[in-house]
Each structure stands twice: as C-alpha cells, then as structure tokens.
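Report on the structure given below.
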Amino acid sequence: IVRIDIQTGKLVRVVVPAPPPAAAVSPGTPPNPAIQALVKKTAEDYNVSPMLVDSVIAVESNYNPGAVSVKGAEGIMQLMPETARRFGVTNSFDVKQNVEGGVRYLRFLQDTFRDDELAIAAYNAGEKAVSKYNGVPPYHETVEYVKKVGRRYEQAKKKAGQKPAVAARAPAI
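What the sequence shown shows, in our numbering, is residues 3 to 175, in sequence order.
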C-alpha cells in the first residue's frame, strides 16, 4: 500500500499482511467463542459494556477480522488507520490488537462525550463531527449507524435482564 505521510507530504510504501478472506464470517453465523471471550475481557478491562462492544462489532464487521470498508476502515472493529495508530494498533487485522484499540477508542469517546449515543456517533463520524454539531451529526450513514448499534445494544441489555436506557434522544438534524 502506498500512502501519503502527513508530516512530510511524501509517498510512503507500507507492507500490510493480507487479511483473511472477506467471506470468513457469513451473516447469522455466531461469532467465534474465543473472540467473544476476548471482547468480553477487553471491554471489562476498560470498563466498557461488553454488550456495547459486541453491538459495535456486529454492525461494523459482523465479527469478520478481515473486513475492509470502502473508506479504508480495517478489521473486526473497523478502525481507520489513523485511529489504529493513535491507539497503538500496528496490525488492524490482528484481532487482539484491533479489539484492544477499538475498545480503548470507545472508552475515550465515552469519557469525552459522557453519553453512549454520542460516543457511538463519534465512533462512526469522528469526534470533530459530533463536537461540530453538538450531537449526532446529520449524516444519513451516522444516524442509521447510531440506530442500528443502539437497537442491538438495547436488545442485548433486555436479553441480559438489564434495565434498558431511557428512550434515545432524537438525533439533531
């Protein structure tokens, strides 16, 4: 892969290991129990709800460690390369690194915005967009993303017998 080095403006060649085949996980396939255990432990280590992390992963990649989005997000938690570097991930296709980086990012967003809905919106659209709009940015993709993750998260909490959150605020559009 050839990328532009932001600091120098020069082109830099980066060797990235080939991700596993994208068809590694088909919709409806239960996640690998070892990955589920890793997600649960990592989430608990950073005091993030494992159900929230599971919801983000399910919507982002459906637990596919080799997923790559059209915008360049990589791995199971679909980290953008800049975010991955920021949170110490050197290989986004390494499930352990990706989950650790993604959970650390979620924790950072929860601490920053003090609101799960805004943290989820920032995970999708970026911190600057949430700050700019002082809420969920009015981007169709982000509004739908927040709904999908929120719906999954609430269903998981109900299934676990936890009290669901008060009705979600309507996104500011």
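Note that beta-carbon positions come from the ideal geometry of N, C-alpha and C, so glycine has one too.
Residue i versus residue j: straight-line alpha-carbon distance, rounded
| i | j | result |
| --- | --- | --- |
| threonine 144 | valine 138 | 7 Å |
| aspartate 56 | isoleucine 6 | 33 Å |
| aspartate 113 | valine 97 | 24 Å |
| lysine 150 | proline 83 | 24 Å |
| proline 35 | arginine 87 | 27 Å |
| glycine 103 | tyrosine 48 | 11 Å |
Distance CB(residue i)-CB(residue j) smaller than 8 Å
| i | j | result |
| --- | --- | --- |
| tyrosine 147 | valine 61 | yes |
| phenylalanine 95 | glycine 68 | yes |
| asparagine 100 | isoleucine 122 | no |
| valine 132 | phenylalanine 115 | yes |
| tyrosine 125 | valine 70 | no |
| glutamine 38 | serine 63 | no |
Local Cβ density within 10 Å of residue i, reported as buried at 16 or more and exposed below that
| i | result |
| --- | --- |
| leucine 108 | buried |
| aspartate 118 | buried |
| valine 14 | exposed |
| valine 41 | buried |
| glutamate 46 | exposed |
8 Å Cβ cutoff, residue i in contact with chain C
| i | result |
| --- | --- |
| glycine 11 | Among the protein chains of the structure shown there is no chain C, as only one such chain exists. |
Local conformation of residue i per DSSP, three classes
| i | result |
| --- | --- |
| isoleucine 6 | strand |
| valine 70 | strand |
| valine 58 | helix |
| proline 33 | coil |
| arginine 116 | coil |
| threonine 92 | coil |
Sheet register partners of residue i (DSSP bridge)
| i | result |
| --- | --- |
| glutamate 76 | Val70 and Leu81 |
| valine 14 | Arg5 |
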